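Numbering (our numbering), first residue to last: 131 to 611.
The beta-carbon is built from N, C-alpha and C at its ideal position, and this holds for glycine as well.
Values in this document were obtained by computation on a predicted structure and should not be read as measured data.
Working notes for the structure below.
Encoded structure:
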């Protein structure tokens with residue numbers, strides 16, 4: 131079920147109403163969350179509910195056994211069981227054909243032909259997200275950072291919680307699971323704040339991302355047909371598409387959770403206002419970046435040890451992060467390219483230089499801030515080309531046509547008039563995000579407007595923009611991951 135669909139527009143108020151009718155019955159509320167979440171997920175394909183249920187059962191039972199087991203070796207075996215189950219499912223559905231194809235190609239390269247039949251595997255929506263979410267539970271129990279729960283309903287609700295089930299944020303058990311044991315009291319202010327965030331998330335998705343998608347698809351599908359400047363514009367538009375699409379989903383998820391009395395972690399912190407690539411990765415897909423930091427980077431040694439070890443750890447975490455996104459070499463190269471961006475900052479000890487908010491306390495940024503933000507955004511856009519391309523060859527073809535003599539010409543595509551309107555919308559959107567960059571989301575405080583009529587006028591303007599300027603409905607990009 132898509133957030134930007136009529137189905138969800140009907141689903142949400144019904145679930146909201148029944149949920150709060152059960153407000154004095156915590157167990158019934160949790161049971162209803164599980165049922166609603168399974169309906170939400172099963173709307174796409176009910177057959178894959180079996181994977182969520184299986185993963186839930188395995189990690190629930192592993193968690194209980196970890197508590198009852200004091201022997202270090204047995205605890206390690208239990209953790210391995212959880213890892214093999216979850217990563218095995220993820221590996222089969224997401225990476226089976228990738229490894230098979232590359233295995234057969236490797237033998238062909240050395241003159242040996244082997245047959246390997248690819249399987250017509252449908253990738254379950256959200257499997258990368260809920261797999262990592264359940265893994266955080268067993269790993270934290272293994273580390274003695276969390277006590278396992280005996281309440282199966284609460285655990286099932288934690289795993290399947292519908293607002294963030296399909297595309298995150300990837301919640302930690304230590305943060306979200308305890309919220310299912312606390313009585314939820316309806317908070318009008320929290321609900322209103324959630325509605326604002328949902329509204330802004332919808333604007334990002336249907337007005338910014340979906341309209342950018344039209345031009346991005348047109349340009350990336352035929353890079354040889356466009357000038358270098360148009361191809362550069364295509365990369366910039368994809369940057370706004372993926373940001374509007376993914377951060378829009380996160381905003382809707384977090385806002386929806388607030389309607390039900392839950393607090394989800396912040397997943398984006400205005401990443402395109404970053405002044406270096408290290409700051410960008412502290413602000414982009416925060417739930418995944420911190421997951422890899424805590425469960426992979428630090429166990430590898432983190433920033434301790436020799437420079438060689440630090441460089442190795444950075445390369446591993448970025449490449450694995452890229453591979454998490456999809457079974458394609460383009461994602462691996464995208465991850466490696468970001469690692470190469472990051473390494474000079476780490477080697478020079480500059481990777482934690484920009485920990486504050488860009489232009490904090492200023493209405494307009496200074497020249498130095500503009501330049502650093504501009505350079506970071508540009509290299510991010512260049513890396514996004516690999517992320518968006520269908521293959522390495524496609525990406526290299528895109529780069530070769532972009533870096534041509536007409537790179538500095540005026541970009542031009544069909545529907546040029548609407549492109550101008552879209553660029554104006556992106557400019558306004560960027561200004562709103564800049565003014566709201568110190569908040570959880572851009573319009574949270576609506577720029578401090580004291581006048582209630584002015585605030586409502588701004589809300590209605592966003593609503594009318596969503597209705598009148600919505601692009602062709604596109605599936606959320608991160609559904610494929």
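From what residue to what residue does the alpha helix (DSSP H) around residue i run?
i: residue 366; result: 358 to 389
i: residue 445; result: 437 to 455
i: residue 174; result: 156 to 175
i: residue 474; result: 459 to 477
i: residue 414; result: Neither: residue 414 is in no alpha helix (DSSP H) and is coded neither H nor E.
i: residue 345; result: 340 to 351
i: residue 302; result: No alpha helix (DSSP H) holds residue 302; DSSP gives it neither H nor E.
i: residue 395; result: Segment: none, residue 395 is in no alpha helix (DSSP H) and carries neither H nor E.
i: residue 145; result: 136 to 151
i: residue 570; result: Unbroken run through residue 570: none, as it is neither H nor E.
i: residue 583; result: 582 to 599
i: residue 183; result: 179 to 198
i: residue 318; result: 318 to 332
i: residue 552; result: 546 to 565
Please report the distance separating the alpha-carbon of residue i from that of residue j.
i: residue 496; j: residue 403; result: 13 Å
i: residue 381; j: residue 201; result: 43 Å
i: residue 442; j: residue 534; result: 35 Å
i: residue 585; j: residue 591; result: 10 Å
i: residue 166; j: residue 514; result: 36 Å
i: residue 548; j: residue 332; result: 20 Å
i: residue 156; j: residue 299; result: 24 Å
i: residue 148; j: residue 154; result: 12 Å
i: residue 449; j: residue 144; result: 42 Å
i: residue 437; j: residue 467; result: 19 Å
i: residue 583; j: residue 606; result: 34 Å
i: residue 538; j: residue 504; result: 17 Å
i: residue 417; j: residue 425; result: 12 Å
i: residue 420; j: residue 478; result: 22 Å
i: residue 365; j: residue 575; result: 32 Å
i: residue 486; j: residue 492; result: 13 Å
i: residue 330; j: residue 602; result: 18 Å
i: residue 362; j: residue 356; result: 10 Å
i: residue 501; j: residue 580; result: 34 Å
i: residue 465; j: residue 431; result: 20 Å
i: residue 188; j: residue 141; result: 30 Å
Below 8 Å between beta carbons: does that hold for residue i and residue j?
i: residue 309; j: residue 392; result: yes
i: residue 389; j: residue 321; result: yes
i: residue 360; j: residue 372; result: no
i: residue 398; j: residue 413; result: yes
i: residue 347; j: residue 408; result: no
i: residue 282; j: residue 190; result: yes
i: residue 306; j: residue 288; result: yes
i: residue 182; j: residue 258; result: no
i: residue 334; j: residue 570; result: no
i: residue 256; j: residue 531; result: no
i: residue 423; j: residue 506; result: no
i: residue 297; j: residue 168; result: no
i: residue 588; j: residue 336; result: no
Near residue i, what residues of its chain come up, given a Cβ to Cβ distance below 6 Å and the 5 sequence neighbours on each side ignored?
i: residue 225; result: 457
i: residue 133; result: 382
i: residue 266; result: 302 and 303
i: residue 170; result: 131 and 292
i: residue 278; result: 193, 194, 197 and 271
i: residue 556; result: 370
Less than 8 Å between C-beta atoms, sequence neighbours within five positions excluded: which residues of the same chain meet that for residue i?
i: residue 604; result: 339, 340, 343 and 375
i: residue 261; result: 185, 216, 217, 219 and 220
i: residue 254; result: 175, 178, 181 and 223
i: residue 471; result: 407, 509 and 513
i: residue 527; result: 353 and 354
i: residue 476; result: 408, 433, 440, 441 and 444
i: residue 490; result: 568
For residue i, which residues from the same chain have a beta carbon less than 7 Å from its beta carbon, with the 5 sequence-adjacent residues on both sides left out?
i: residue 460; result: 516, 517, 519, 521, 522 and 525
i: residue 544; result: none
i: residue 324; result: 385, 386, 388 and 389
i: residue 103; result: Because residue 103 is not part of the residues shown, which for the chain are 131 to 611, the question remains open.
i: residue 208; result: 192, 195, 196 and 199
i: residue 367; result: 342, 345 and 346
i: residue 304; result: 270, 275 and 276
i: residue 138; result: 131 and 132
i: residue 510; result: 369 and 410
i: residue 559; result: 338
i: residue 427; result: 443 and 447
i: residue 563; result: 400 and 572
Using a Cβ-based criterion (distance less than 7 Å to any ligand heavy atom), does residue i qualify as near the ligand NAD?
i: residue 133; result: In the structure shown, the ligand NAD is absent, as is every other ligand, since no ligand is present at all.
Q: Let me know the alpha helix (DSSP H) ranges lying completely inside the stretch 489 to 526, each 4 residues or longer, listed in chain order.
A: If you keep only unbroken alpha helix (DSSP H) runs of at least 4 residues inside the stretch 489 to 526, you get 497 to 518.
Q) Going along the chain, which unbroken runs of the alpha helix (DSSP H) with 4 or more residues stay wholly within the stretch 255 to 305? A) The stretch 255 to 305 contains these whole alpha helix (DSSP H) runs: 257 to 272 and 282 to 290.
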